[in-house]
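If you're matching positions, the sequence shown starts at 31 in this note's numbering and goes up one per residue. C-beta: ideal position from N, C-alpha, C; glycine also. The model shown is predicted, which means the values in this text are computed figures rather than measured ones. See structure below.
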Amino acid sequence: MDPVKQRLLEVGRPKAEMLKKLIREHGDKVIQQITLDQVLSGMKGINALLTDTSKLDAEEGIRFREHSIPELRANLPKISPDGEPLPEGLFYLMLVGEVPTQQQVDFISTEWSRRAQGIPHHAFDVINALPKSAHPMIQFNTAILAMSTESHFRKAYTDGMDKKDYWDPMYEGVMDLISRLPVIAAYIYRRVYHNEQYIPADPSLDWAGNLAHMMGYESEEVKRLMRLYMVLHADHEGGNVSAHATHLVGSALSNPYYSFSAGMNGLAGPLHGMANQDVMRWLNDLIKELGTNDPSEEQIRDYALNTIEQGRVIPGYGHAVLRKTDPRFMEQLNFANKYIPNAPMIKLVRKIYEVVPDVLLATGKVKNPYPNVDAISGSLLSSYGITEHGIYTVLFGVSRALGVLSSLIWDRMYGSPLERPSSQTLEWFINKADIKPEDLK
Ligand code: HAX
31 MDPVKQRLLE VGRPKAEMLK KLIREHGDKV IQQITLDQVL SGMKGINALL
81 TDTSKLDAEE GIRFREHSIP ELRANLPKIS PDGEPLPEGL FYLMLVGEVP
131 TQQQVDFIST EWSRRAQGIP HHAFDVINAL PKSAHPMIQF NTAILAMSTE
181 SHFRKAYTDG MDKKDYWDPM YEGVMDLISR LPVIAAYIYR RVYHNEQYIP
231 ADPSLDWAGN LAHMMGYESE EVKRLMRLYM VLHADHEGGN VSAHATHLVG
281 SALSNPYYSF SAGMNGLAGP LHGMANQDVM RWLNDLIKEL GTNDPSEEQI
331 RDYALNTIEQ GRVIPGYGHA VLRKTDPRFM EQLNFANKYI PNAPMIKLVR
381 KIYEVVPDVL LATGKVKNPY PNVDAISGSL LSSYGITEHG IYTVLFGVSR
431 ALGVLSSLIW DRMYGSPLER PSSQTLEWFI NKADIKPEDL K
């Protein structure tokens with residue numbers, strides 16, 4: 031058995047036993063009172079999901095298996111001491127719950143490089159069958175679904191596998207899928223934006239470095255940025271749309287390709303991952319309308335106010351859980367300040383950060399007026415020449431696979447059941463408020 035899988039089994043089986051015992055012996059414990067508002071405002075703050083890979087704190091931000099982003103930077107293996115942590119290491123940490131050694135990370139890099147060679151040809155054929163004008167997320171998701179012909183999980187299930195072993199073919203499928211996503215993403219990028227001039231993978235490179243290479247970016251700085259990007263977008267606990275959708279669809283014992291595809295359909299929404307592309311549209315429209323990429327604070331304030339008055343959102347700002355500036359925004363800003371402090375788009379992002387929170391606060395309704403991860407990621411990529419905004423959500427998706435798919439393996443390790451909450455009618459909720467419909471007229 032491969033050493034990552036072996037360690038996962040050693041760590042996973044006792045935890046799965048603990049969970050069973052917890053439910054059996056303490057299943058009737060009341061853990062939370064919930065309000066009508068919580069249910070009807072997007073189920074915010076309801077503790078309804080079991081996710082171990084990461085936890086989001088409203089004030090502090092994300093911790094991956096209890097490690098903050100600065101701790102990841104200090105503790106995870108890197109290619110060079112001043113570089114960024116390798117996403118392979120973060121995957122191991124999220125999957126196994128332990129900080130990996132360099133050797134374990136090298137194992138994953140080599141394994142992903144090997145597995146990436148097994149992409150079925152029809153995955154490229156279905157991409158090629160789509161018009162180039164189809165959004166890259168459509169092409170990405172179509173290829174993910176097409177690759178489900180290779181699902182180990184479906185085969186093991188129909189062959190009659192014991193439930194307690196479901197995690198095993200899920201692990202195999204997840205390892206295949208993650209290994210192949212950078213090849214698919216780079217293929218779409220070169221197809222749509224670089225005249226189908228494809229660049230083969232370099233098996234000597236790490237997973238994220240290879241993605242930059244296959245997209246056509248050879249500088250070490252872009253490879254560093256890609257490693258950072260892949261780490262920062264990997265997971266955001268279990269309730270965000272892409273994680274929740276992957277988990278929910280997986281609960282029907284759908285294979286990892288179906289499950290991840292569901293998550294990616296959610297990521298493609300403008301309130302979630304597509305916000306990174308929308309931020310660039312908003313910034314470029316601002317530059318065009320004001321005729322400068324160095325506007326005054328007053329000009330930015332008026333432009334932002336105008337967006338709100340039109341009943342639109344300012345993309346890249348706000349969050350359903352966070353109540354402070356997203357540390358993932360800050361990490362990217364720190365990277366930019368270190369390597370490209372004078373890039374015009376970075377200067378603009380800094381200026382907007384000075385102005386927009388007050389504009390959003392003044393609405394009196396926005397719960398978090400601060401920037402999220404998407405407020406800067408596109409400006410950073412475009413400052414390095416990756417100016418094709420349509421690919422940004424795909425890059426987010428490649429990264430998000432690390433978290434949601436390690437959680438999916440844990441779902442099968444835990445023997446998580448089919449997810450099936452109850453729904454109620456509007457009349458039921460009105461009744462619960464001890465009022466009559468007429469009281470609301
Ligand atoms: N601009 C304008 N209005 C905003 C806003 C923003 N950036 N953020 C929130 N609001 C509004 C909401 O639309 C809502 O208005 P209504 O009451 O009229 O419906 C009100 O403020 C309260 O919203 P909230 O409770 O603060 O925020 P939600 O939890 O409902 O939504 C969102 C969180 C992230 C969806 C929201 O802040 C938003 O739309 N932001 C802009 C889009 C964006 O950047 N999305 C990416 C988020 C991070 C992420 O998932 N990345 O993948």
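For residue i, name the three-state secondary structure that DSSP assigns.
i           : result
residue 374 : helix
residue 448 : coil
residue 286 : helix
residue 87  : strand
residue 337 : helix
residue 227 : coil
residue 57  : coil
residue 352 : coil
residue 330 : helix
residue 198 : helix
residue 181 : coil
residue 243 : helix
residue 16  : Any question about residue 16 goes unanswered here, given that the chain covers just 31 to 471.
residue 172 : helix
residue 342 : coil
residue 158 : helix
residue 44  : helix
residue 30  : No information on residue 30 is available, as it lies outside the stretch 31 to 471 that the chain covers here.
residue 361 : helix
residue 164 : coil
residue 205 : helix
Could you please give me the residues that DSSP links to residue i through a beta bridge?
i           : result
residue 347 : 401
residue 115 : 108
Using only CA atoms, which one of the options lies nearest to residue i?
i           : options            : result
residue 207 : 430, 71, 136, 450  : 430
residue 125 : 322, 439, 455      : 439
residue 406 : 432, 456, 374      : 374
residue 279 : 290, 455, 225      : 290
residue 116 : 376, 71, 49, 238   : 238
residue 230 : 259, 244, 220      : 244
residue 205 : 467, 436, 388      : 436
residue 34  : 71, 261, 119, 69   : 119
residue 199 : 448, 469, 443      : 443
residue 487 : 339, 139, 62       : Residue numbering for the chain in the displayed model covers 31 to 471; residue 487 lies beyond these limits and cannot be assessed.
residue 378 : 113, 351, 324      : 324
residue 281 : 222, 197, 151, 337 : 197
residue 285 : 37, 307, 181, 387  : 181
residue 5   : 67, 262, 57        : Summary: the structure shown does not reach residue 5, with the chain confined to residues 31 through 471, and so no result is reported for it.
residue 242 : 70, 43, 219        : 219
residue 380 : 451, 174, 313, 350 : 313
residue 414 : 185, 302, 253, 113 : 253
Continuous beta strand (DSSP E) assignments of at least 3 residues falling wholly in the segment 61-106: 84-87, 91-94
Could you tell me which uninterrupted alpha helix (DSSP H) segments, each at least 4 residues in length, are contained entirely in the segment 263-317, listed from first to last along the chain? 271-280, 286-297
Any chance you could list the alpha helix (DSSP H) runs of at least 4 consecutive residues sitting entirely within the segment 377-435, in chain order? 404-413
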